[in-house]
Each structure stands twice: as structure tokens, then as C-alpha cells.
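A short write-up of the structure that comes next.
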Amino acid sequence: MLRLGAGRVMTLSAVIFDLDGTLVDTELLWADALRDYLADRGCVCSKSRILDIVFGRSWSDIYHAVVSLQPSLAKVSAADMAVDLRAYYVRLRDQSDDIVIASSVRLLKNLAGAYPVIIVSGSPRADVEEAVRLLGVEPHVRFVLGAEDYAPGKPSPAGFLEGARRLGVSPQECLVFEDSQAGVAAARSAGMRCVALSRPCAHPQNLSEADWVLSDLEQFSVEALERQLTLCSIQRPPAYDPVRHTRCQPQVEGSLSPCQGTDH
Numbered sequence: 002m003l004r005l006g007a008g009r010v011m012t013l014s015a016v017i018f019d020l021d022g023t024l025v026d027t028e029l030l031w032a033d034a035l036r037d038y039l040a041d042r043g044c045v046c047s048k049s050r051i052l053d054i055v056f057g058r059s060w061s062d063i064y065h066a067v068v069s070l071q072p073s074l075a076k077v078s079a080a081d082m083a084v085d086l087r088a089y090y091v092r093l094r095d096q097s098d099d100i101v102i103a104s105s106v107r108l109l110k111n112l113a114g115a116y117p118v119i120i121v122s123g124s125p126r127a128d129v130e131e132a133v134r135l136l137g138v139e140p141h142v143r144f145v146l147g148a149e150d151y152a153p154g155k156p157s158p159a160g161f162l163e164g165a166r167r168l169g170v171s172p173q174e175c176l177v178f179e180d181s182q183a184g185v186a187a188a189r190s191a192g193m194r195c196v197a198l199s200r201p202c203a204h205p206q207n208l209s210e211a212d213w214v215l216s217d218l219e220q221f222s223v224e225a226l227e228r229q230l231t232l233c234s235i236q237r238p239p240a241y242d243p244v245r246h247t248r249c250q251p252q253v254e255g256s257l258s259p260c261q262g263t264d265h
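Adding 1 to a residue's 1-based position in the sequence shown gives its number in the numbering used here.
This is how it looks when you write it as C-alpha cells:
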């Protein structure tokens, strides 16, 4: 049970992990793969432009952004482009050092001993399933949701809500681990608690809407999260209200400091 100040309690019934950037360090590889794919088709883009297209977005959203950028690719289906792009990604992956974020994987395994754990990703399901095998977490994950399993993608809460529905738990009883601004927004819109991973080597993003921001999930524990939520003494609404809300200041390196309320 997680207290929410003033004697309130929150039941933690399920845990949801994002994949790319949270469990595996692959988002920069996908960005490089897309840049190479486009360059080979006559479209040269800056790294920052590619990162804006890739980070925290579903494959469907990425596909439409690519077609908007290079209209001649509209003749290529999303499925065919995914196959072609994956070849670029695999080549880069095979040339890279270990892409596993070990501390995040350890946390997943530890939490799976107490709570049902699922993975909700914007990547194609085949890629998610391959990653689960690579990570060796198949026995610890109830199921995975990929881009084909829900729509629209993040920042819509559809994927997280579908995960909660399949688990048979209330969204308010779910804890999400994310690394992207879109993913954090999706968790907030779903009415879920969210811990954001902000690794020093990652593409900078605004993660301030998360309940807690950590530079390494090794710093996480349920007890520390309880202290963070109690310190902030906030009651998350069932769904994120973009007009008026209260949030915690993001805490990096696992530090705790007073919560700052914000009205927009």
C-alpha cells in the first residue's frame, strides 16, 4: 500500500514498463537507423530532427512523420517500411556494445516477485517480443503490448489503459516506468503514477510531469516512492487535466525535496 498523505492509501496492483530507453538503450540506434534509411532515399536530415520524430512515439506516428518529411515514401506501406528500417537497425545493433539497461532489468525482475508486470511499447510487437527474449525476462512479464495492440500511440493513454484492462486492475492502481515526455504524458492521462528514467546519456526531454525522476532505476524502491508521494502530499486526479493540475518538482539522483504546486 502506498500512502498519499493525510492518511490516504493507494493500492499498487500492477507495474508497467516502457521498453526502448527504459529497459534497452535502443532509441538512439533507431534514430541513427532512420537517418541512414532516409539518406539512402535522398532525404538528409539533422540528428535533432530525427530524434524529434523517433523519441517516445509509436511506429504509426513515426511512419506518418517520415512520409510527411519525404512524400515519395507514401507509396511504401508502414509494414514494408518497418521491415526495411529494421535491417538498418539490426546492422547498427550488431555493431554496438551491450544495449541492456541492467539496473532497469533487475528492478523489473524484483518487482515481478510482488506484482504483475507488463511491457507497453510503441515498437512493433515482434521487436518487443525479441527484446523480451534478449533480456531474459519472459518468465517475469505477463504480456507485452506493441504498436499493433492499441491506438493511438503515446502521448495518448490508450496503451496503458489497454494494459490495465487486460490485467483487470484499475488504472489508478498502476505504476508506470517511462523515459519519454510522451510516455509520461500518457501515464498521467491514464491516471497512473509514473517514475521517469532520465539517464545522463539520453536525449534531453521534459519529464517534469512524472511523480519521480531518477537517473538510474537502481535508486528505486517501493518504500522510497512511498516517501516521495507522502512528501509531496498530492492526490492525482483520475485523468490528467492540462488546464489545472498540481505536480511534484522532478527529483533526479533519488533526492527528495518539497513538492511545488503549479496552477496553469
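By construction, the Cβ of each residue, glycine as well, lies at the ideal position given by its N, Cα and C atoms. Quick caveat, the model's predicted, so the values are computed rather than measured.
task: Run through the stretch 150-211 for me and flag every whole alpha helix (DSSP H) of 4 or more residues, listed as ranges in chain order.
output: 159-168 and 182-190
- prompt: What's the C-alpha gap between Val170 and Ser14?
  reply: 7 angstroms
query: Using the C-alpha atoms, what's the distance from Leu232 back to Asp266?
result: Lying before the first or after the last residue shown, residue 266 is absent from the chain, which here runs from 2 to 265.
- request: Please classify Asp26: does DSSP put it in a helix, a strand, or coil?
  value: coil
task: Just tell me which of Glu28, Pro172, Ile119 and Asp37 has its CA closest to the CA of Ile102.
output: Glu28
message: Report the start-end ranges of each beta strand (DSSP E) in the stretch 44-95 that is 3 residues or longer and not cut off at the edges.
response: none
query: Where do the N-terminal and C-terminal ends of the alpha helix (DSSP H) with Ala127 fall, by residue?
result: Arg126 to Leu136
- request: Compute the Euclidean distance between the alpha carbons of Asp62 and Glu131, then round it to the nearest angstrom.
  value: 21 angstroms
message: Taking the alpha carbon of Asp217 as the reference point, which residue from Arg200, Gln229, Tyr151 and Pro205 has its own alpha carbon closest?
response: Arg200
message: Less than 7 angstroms between C-beta atoms, sequence neighbours within five positions excluded: which residues of the same chain meet that for Glu139?
response: Val133
message: I'd like to know whether the C-beta atoms of Cys44 and Gln71 end up nearer to each other than 7 angstroms.
response: yes
query: Any idea which residues DSSP pairs Leu215 with across the strands?
result: Leu198
task: Quick one: grab the DSSP three-state call for Val223.
output: helix
- prompt: Is the stretch 152-160 in contact with the stretch 198-213, if contact means three or more CB pairs nearer than 8 angstroms?
  reply: no
field: Proximity of His204 and Leu93 at Cβ, strictly below 7 angstroms
entry: no
- prompt: Asp21 bridges to which residues according to DSSP?
  reply: Val25
- request: Have a look at Tyr241 and Ser190 and give me their C-alpha separation to the nearest angstrom.
  value: Only weak support is given to the placement of Tyr241: the predicted model assigns it a pLDDT of 40, under 50, and the value that follows is read from those uncertain coordinates. Between Tyr241 and Ser190, the C-alpha separation is close to 4 angstroms.
- prompt: Would Glu149 pass as a contact of Asp19 if the rule is Cβ separation under 7 angstroms?
  reply: no
query: Around the C-beta of Leu211, are 16 or more other C-beta atoms found within 10 angstroms, so that it is buried, or is it exposed?
result: It should be noted that the sequence gives Ala, not Leu, for residue 211. Answer is buried; the Cβ neighbour count reaches 16.
query: Going by C-alpha distance, which of Tyr90, Ala79, Gln220 and Val145 is nearest Leu168?
result: Val145
- prompt: Is it buried or exposed for Asp21, if we count other Cβ within 10 angstroms and need 16 for buried?
  reply: buried
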